[in-house]
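Here is the structure we will look at, set down as structure tokens.
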Amino acid sequence: MKRVFLPSLLLVGFVWIAGGVERGWAADSPSGPAPSGGFLGRTRDAAVAVAEHDASGAAATGVEQLNEAFKIALEKGLTDAKYKELLGRAGKYAKVVDLALKAIKMGNLSNECRVALVNGNRDEFAKAFNNLVREGVKMGAGTAGAAKGAKVGALGIKGGLLVLITVPAGAIIGGLAAEKLAEKAYDELLAGSITELGELIFDTVKGPPPGSASEGEGEPGPPGVGLPHPDDGSETEGQRPEKLRRFR
Amino acid sequence: MRKWVLYGCVLALWAGSAWAEPAGDDKPSAALATLVTAANLFRTEASDNVEQAVRKWGTPAFVRKWNREVMTLFDKEEHIEWHDFFSSAVLWCGRLAGREGVVALYSPWSDGAVLLRIRLAGEKTRLTDFRALSGEALRGEPLPDKPSVARTLRLYAGAEIPTLALARLYADSLRAFEAHFPLEGRPDLSPAGFAKNAGSIGQETALIKTRMLHRMRMFNDFFGQAGNRPFLAAAGHLIKALEAEDAKAVLARLAAEQPTEVVETVFEMPVSVRGGFAPNFFGRNNGKVLVGLVSPTAPQWILMVQMEERPGAAPALIMEALDLNVSGQIVALAEKEAK
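Heads up: the sequence lines are chains Z and V, in that order.
The numbering used here puts the first residue of the first sequence at 1, with every later residue one more than the last.
The numbering used here puts the first residue of the second sequence at 1001, with every later residue one more than the last.
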């Protein structure tokens, strides 16, 4: 009997709180307004809105507002210098956090590339891919040392696209290939997205395969999509997608 | 004795799934129930407005420490990470001494914990101190000499299926907590031998924040990409169906190969729990999409829904349920099968 007393009491309290909070009740607590449903309430409302209204009108606004909050938090978190101020440049924490943030940033950029490709937006793709290469160069510099990173980074700029296509996962940028640890980390973390990216580049250049999700979603664009040079944003002959076909 | 530490067992007990060991001479305490209930109310409020919840429940010293040690790492626009953290954090308690005790809010999704020292003062319950710990520090794991993304973001790295990765994180973290936080004892946030490798609160929070940021990216992908709308819509339909009185509406949303026992078990939950399930995880595995659903009322229960695209039709869904309270058994079973 004793064994079930406390858990039963707590269960009652748990459910009671859940109901009480919905009613704006907060007994035995400091005064103040009660919450409106919390984070999961927001994700729940967004999912249900999409299901019931296909994210049109007010429902779309709610989903967009929620997504905007994610986006802002992500961008601020990835670019904020507070980490470095707090953690310093040396030490295990700084290294672990730094590598994780770079990986998240890289994954996000590859995602941007994917979106641009799916949408058939060549300008956006060029911009996103340029960012992807740039981040890869920084990664190479950060892990392999400044001088070595710069050298390897330069290779990454020229060969980045080709490496991306010929190697399904892992060494997407030349700089990563020089640093085994980073390569392994990226291989494990980003294998899926990078493989998809490579496939989508081809799909965009040559048209999506029959029955694929991207088929019919906008214009894939003709062959000859220009990619900017990562240094100055201009196109270079060697990076034109015609080159891709040789590596397929 | 240890079982009492696990507040999350409440629902499992109710469901009749995980309360097998006799507790001997354990004496339930009204003070414990009050402290845990108050801590859960704090958690619920912090999942909506962390700044307000801290001000409301914390002593002035607690608020100052929180702002100084934790919030310096977050801008106003970044509080949503904490809302995510608290909404799916599971409560453990220990080291109760009279009207004071320690409550841990552990989120396996961000693999981090906030340990709270909580006290009943008259009719008010107050948070008097806290400690933020990464899962690594909580479990006594040293940080690797060489940084590893796969290790830092292990739940999201795809090295093993998310449910097993979650179970492993949870089981190991709970074991470490139980070892140092028996039900009764001095309400100390840093008992001897606990979290020996922990860094400063700022360092620990920074590590937790990397997981939070990865989750922001994950949510941004799920809610922001047009290509993921069919999966979001499928999750929304399933969530609505879970509010129904019987399982028929849910079964109608699931694939033919769905084990009905899972759905029947979910429908044993009170509707206040079942009706609150919400998207909390999004990932891809072997060409399939995984959507995790968590109810803020009982975050120890997780529904993992596997979705497979079908041309011209809604995705095919298969749902499994995970009770974090039996994480140890799940890990043991997986390791046995792996041999």
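A virtual CB, placed ideally from N, CA and C, is assigned to each residue, including glycine.
Q: Would you identify the three-state DSSP class for residue 1139 of chain V, choosing helix, strand or coil?
A: coil
Q: Compare the C-beta of residue 43 of chain Z against all C-beta atoms of chain V and say whether one is closer than 8 Å.
A: With 8 Å as the cut-off, residue 43 of chain Z counts as an interface residue toward chain V.
Q | Among V:1048, V:1224, V:1058, V:1150, the one whose alpha carbon lies nearest that of residue 1082 of chain V | A | V:1048
Q. Once you ignore the five residues that flank residue 1333 of chain V on each side, which residues in its own chain have a CB closer than 6 Å to its CB?
A. none
**Q.** Within-8 Å CB hit, residue 259 of chain Z to chain V
**A.** Residue 259 of chain Z lies beyond the stretch modelled for chain Z, which goes from 1 to 248, so this question has no answer here.
Q: Name, please, each residue of chain Z whose Cβ falls closer than 8 Å to the Cβ of residue 1110 of chain V.
A: Correct list: empty, because the minimum Cβ distance to chain Z is about 12 Å.
(Q) Going by beta-carbon coordinates alone, are residue 1213 of chain V and residue 104 of chain Z separated by less than 8 Å? (A) yes
Q: Flag residue 60 of chain Z as yes if its beta-carbon sits less than 8 Å from any beta-carbon of chain V, otherwise no.
A: No, residue 60 of chain Z does not count as interfacial toward chain V.
Q: Find out if the Cβ-Cβ distance for the pair residue 1189 of chain V, residue 1117 of chain V is shorter than 8 Å.
A: yes
Q) CB residue 1304 of chain V to CB residue 1288 of chain V, shorter than 8 Å? A) no
Q) What are the boundary residues of the beta strand (DSSP E) that includes residue 1301 of chain V? A) Counting along the chain, residue 1301 of chain V sits inside the beta strand (DSSP E) bounded by residues 1301-1310.
Q) Hey, does residue 1099 of chain V have any beta-carbon neighbour from chain Z nearer than 8 Å? A) no
Q: Compare the C-beta of residue 1210 of chain V against all C-beta atoms of chain Z and say whether one is closer than 8 Å.
A: The beta carbon of residue 1210 of chain V falls within 8 Å of a beta carbon belonging to chain Z, placing the residue at that interface.
Q | Partners in chain Z for residue 1252 of chain V, counting only beta-carbon separations shorter than 7 Å | A | Ordered by position in chain Z, no residue passes the 7 Å Cβ test against residue 1252 of chain V, which lies about 14 Å from the chain.
Q. Counting Cβ pairs closer than 8 Å, one from the segment 1138-1146 of chain V and one from the segment 1121-1129 of chain V, do we hit at least three?
A. No: fewer than three Cβ pairs fall under 8 Å.
(Q) In the DSSP output, which residue or residues are listed as bridge partners for residue 1284 of chain V? (A) V:1289
Q.
Can you confirm whether residue 1034 of chain V, when its beta carbon is compared against all beta carbons of chain B, has any partner nearer than 8 Å?
A. In the structure shown, chain B cannot be found, because the protein chains are Z and V.
Q. Roughly how many angstroms separate the alpha carbons of residue 1185 of chain V and residue 42 of chain Z, rounded to a whole number?
A. 39 Å
Q | For residue 1315 of chain V, three-class secondary structure by DSSP | A | strand
Q) Mapping DSSP to helix, strand and coil, what is residue 1130 of chain V? A) strand
**Q.** Cα-Cα separation, residue 240 of chain Z to residue 1131 of chain V
**A.** With a pLDDT of only 32 at residue 240 of chain Z, under the threshold of 50, the placement of this residue in the model should not be trusted; the figure read from the coordinates follows. Spanning the two alpha carbons is a distance of roughly 54 Å.
Q: Would you list, in chain order, the members of the segment 1139-1165 of chain V that have their beta-carbon closer than 8 Å to a beta-carbon of chain Z?
A: Result list: 1143, 1144, 1145, 1146, 1147, 1148, 1149, 1150, 1152, 1153, 1156, 1157, 1158, 1159.
Q. In this structure, does DSSP put residue 68 of chain Z in helix, strand or coil?
A. helix
**Q.** beta strand (DSSP E) segment containing residue 1063 of chain V, residue limits
**A.** Per DSSP, residue 1063 of chain V belongs to no beta strand (DSSP E); it is in the alpha helix (DSSP H), 1060-1069.
Q: Have a look at the DSSP bridge pairing and note the partners of residue 96 of chain Z.
A: DSSP output for residue 96 of chain Z lists no bridge partner at all.
Q. At which residues does the beta strand (DSSP E) containing residue 1165 of chain V begin and terminate?
A. From DSSP, residue 1165 of chain V is part of no beta strand (DSSP E) but of the alpha helix (DSSP H) over 1162-1180.
Q. Just how far apart, CA to CA, sit residue 1021 of chain V and residue 1045 of chain V?
A. Low local confidence applies: a pLDDT of 33 at residue 1021 of chain V is under 50, so the model's placement there is unreliable, with the coordinate-based value given in what follows. Approximately 33 Å between the Cα atoms of the pair.
Q. Cβ of residue 1206 of chain V within 8 Å of Cβ of residue 86 of chain Z?
A. yes
Q) Any idea if residue 1148 of chain V is buried or exposed, counting beta-carbon neighbours within 10 angstroms, 16 or more meaning buried? A) buried
Q: Could you say which of Z:98, Z:46, Z:92, Z:101 lies nearest to residue 1197 of chain V if we only look at CA atoms?
A: Z:92
Q. In chain order, what residues of the same chain have a beta carbon less than 7 Å from the beta carbon of residue 1089 of chain V, not counting five sequence neighbours either side?
A. The answer, listed in chain order, is 1043, 1105, 1106, 1107, 1299.
Q. Residue 1037 of chain V to residue 1101 of chain V, Cα distance in whole Å?
A. 12 Å
**Q.** residue 1245 of chain V versus V:1266, V:1218, V:1179, residue with shortest Cα-Cα distance
**A.** V:1266
**Q.** Three-way DSSP call (helix, strand, coil) for residue 1111 of chain V in this model
**A.** coil
Q | Helix, strand or coil at residue 1230 of chain V [DSSP, three-state] | A | helix
Q. Between the Cα of residue 1092 of chain V and the Cα atoms of V:1211, V:1182, V:1167, V:1275, which residue gives the shortest distance?
A. V:1182
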